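Inspection log for the structure reproduced underneath, given as structure tokens.
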Amino acid sequence: MPSSQPTALVTGITGQDGLYLAELLLAKGYAVHGVVRGQNNPRRGLVERLVPDVHLHTGDLTDMSSLLRALRAARPDEVYNLGAVSYVAYSWDNAALTTDVTAKGVLTMLEAVRLHCADHRGDDLGAVRFYQASSSEMFGASPESPQHERTLLWPRSPYGVSKVFGHHMTINYRESYGMHASSGILFNHESPRRGEEFVTRKVSRAVAAISLGLADELALGNLEAQRDWGFAGDYVEAMWLMLQQEEPDDYVIATGETHSIRDLVDVAFRHVGIDDWSGHVRHDPALIRPAEVDRLVGDASKAREVLGWKPRVGFEELVSMMVDADVAALRTGW
Ligand code: NAP
Ligand code: G4F
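Next up, the structure:
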């Protein structure tokens, strides 16, 4: 960490994790820069409202020169590559786009950092530390449980395959060029800022609406899949900790507990006083995925031992927090 004010550049700043990470870094005294894609991006205003001190740059992970410009303007000590097409179900219908952004975009960003260091940082590849947002989706159908850093990767979707590419490319840049490049293999993490396409937020939003008499039904796909769900605010702290280590490395970040979608629905409905929710939930076969990841549960002992990281928010607290936030938002007509 330099003695002057540290600087970070974050791709995916408009997403759930980007916002929590920006808040964390600002609180730690960083100058924070973010990459926002597209013209008139509707989420740009959200970033400007929630984290007004962040400096925004227009850029896209598929556009190398835009990333080089952002790097030159920010001169970061740390780059957090959070940008991705991140919705697994969408990745089957848009497999080529997912590959361009979620897979090749990682290579483009790594290469942009390498070129930036060569041209503007005295060829010092250690001048910029790099974090890659890898995913437990990479484990997919792996028979091992719980999953750890050396578990076989067996992705089950174009998204998962793309994340495996980005993960190995990050390791390869570390091994080939000595870059300080770390990869966080994060299990599902959620919050009131989670996109409404993901199951936790879809459930919290619908349960809140049903409890207020604004809706009656929630359509869901596979209720039996199991996920290791944590709180996004806890997980961005792990990202930061990885880049504070002397040596770059890969870490699983997880709670070590797994719950089914059925458990999630049950906890959410019980939180608003509805014990028998069977009449409110409809099974929609269209929401079943071409290939499912049946069960994820992570072993984060390495992160606990090396980073001193552990999750603070438990499953029931997380679900209650999300339902309460959606009730409050719906009450104010948001
Ligand atoms: P998210 O809310 O979906 O945010 C994704 C971000 O990527 C958004 O800011 C989005 O911008 C940006 N993006 C999409 N296409 C881009 C492009 N072509 N160029 C630049 N940026 C682009 O995801 P999240 O939950 O915050 O997750 C952050 C990262 O962690 C992602 O890489 C995700 O795959 C990974 N991850 C997430 C979890 C989880 O459970 N949340 C677990 C493991 C790994 P727009 O707002 O403009 O769309
Ligand atoms: O909430 P999900 O869409 O998250 P998924 O597929 O686990 O992916 C998320 O976590 C990954 C980490 O493991 C990230 F890398 C990724 O970017 C993303 O953030 O679905 C969770 C489970 C699946 O098994 C799905 O089949 O919920 C099941 N599900 C059942 N009904 C549903 C629905 N998922 C969604 N989104 N919508 C449903 O109606």
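The numbering used here numbers the first residue of the sequence shown as 24 and each following residue consecutively.
In this text, a Cβ means the ideal position worked out from N, Cα and C, and glycines have one as well.
Since the model is a prediction, treat every value here as computed from it, not as a measurement.
The beta carbon of serine 185 is closer than 7 Å to those of Thr121, Thr122, Thr125 and Ala126 in its chain, skipping five residues each way along the sequence.
For aspartate 349, the uninterrupted alpha helix (DSSP H) segment begins and ends at 338-354. Residue pairing by DSSP places histidine 80 opposite Val58 in a beta bridge.
Residue pairing from DSSP places asparagine 104 in a beta bridge opposite Thr34 and Gln155. Taking 8 Å as the cut-off, the beta carbon of valine 59 is found closer than this to the beta carbon of arginine 67. Placement of the Cβ of glutamate 220 at a distance of less than 7 Å from at least one heavy atom of ligand 2 is found. Close CB contacts of glutamate 167 within its chain, under the 6 Å cut and outside five residues either way in sequence, are with Thr174 (chain order). When secondary structure is reduced to three states using DSSP, tyrosine 274 falls in the strand class. Put simply, of Phe221, Trp115, Leu73 and Leu330 the residue whose alpha carbon is nearest the alpha carbon of proline 178 is Trp115. In the same chain as glycine 321, and ignoring 5 residues on each side of it, the C-beta atoms closer than 8 Å to its own belong to Ser159, Pro169, Gln170, His171, Ile208, Phe210, Asp251, Val275, Ile276, Ala277, Thr278 and Gly279, in chain order. Look at histidine 212: its beta carbon is less than 7 Å from one of the heavy atoms in ligand 1.
Distance from the C-beta of serine 206 to the nearest heavy atom of ligand 1 is not below 7 Å.
Ligand 1 has no heavy atom closer than 7 Å to the beta-carbon of threonine 122. The C-alpha of valine 74 lies about 21 Å from the C-alpha of alanine 156. Contact between the region 298-310 and the region 241-248 is present: 3 or more CB-CB pairs across the two stretches fall below 8 Å. The region 193-207 and the region 146-155 touch, with three or more beta-carbon pairs separated by less than 8 Å. For isoleucine 297, the secondary structure class from DSSP, reduced to helix, strand or coil, is coil. Taking 7 Å as the cut-off, one finds at least one heavy atom of ligand 2 near enough to the beta carbon of serine 158. Residue range 67-73 is occupied by the alpha helix (DSSP H) that includes leucine 69. Within the chosen limit of 7 Å, ligand 2 reaches the beta carbon of alanine 112 through at least one heavy atom.
The beta carbon of alanine 261 sits no closer than 7 Å to any heavy atom of ligand 1. Nearest Cα to phenylalanine 338 within the set Ser283, Val102, Glu220 and Asp299: Ser283. Beta-bridge annotation (DSSP): glycine 321 is paired with Gln170.
Between the region 256-264 and the region 40-53 there are three or more inter-stretch CB-CB distances shorter than 8 Å, so the stretches are counted as touching.
Residue environment analysis places proline 65 among the exposed positions, since fewer than 16 neighbouring C-beta atoms fall within 10 angstroms of its C-beta.
Bridge pairing for arginine 228: absent [DSSP].
If you look at serine 109, you'll find it isn't in any beta strand (DSSP E); DSSP assigns it neither H nor E. Per the Cβ contact rule, the region 134-142 is in contact with the region 87-95 (3 or more Cβ pairs under 8 Å).
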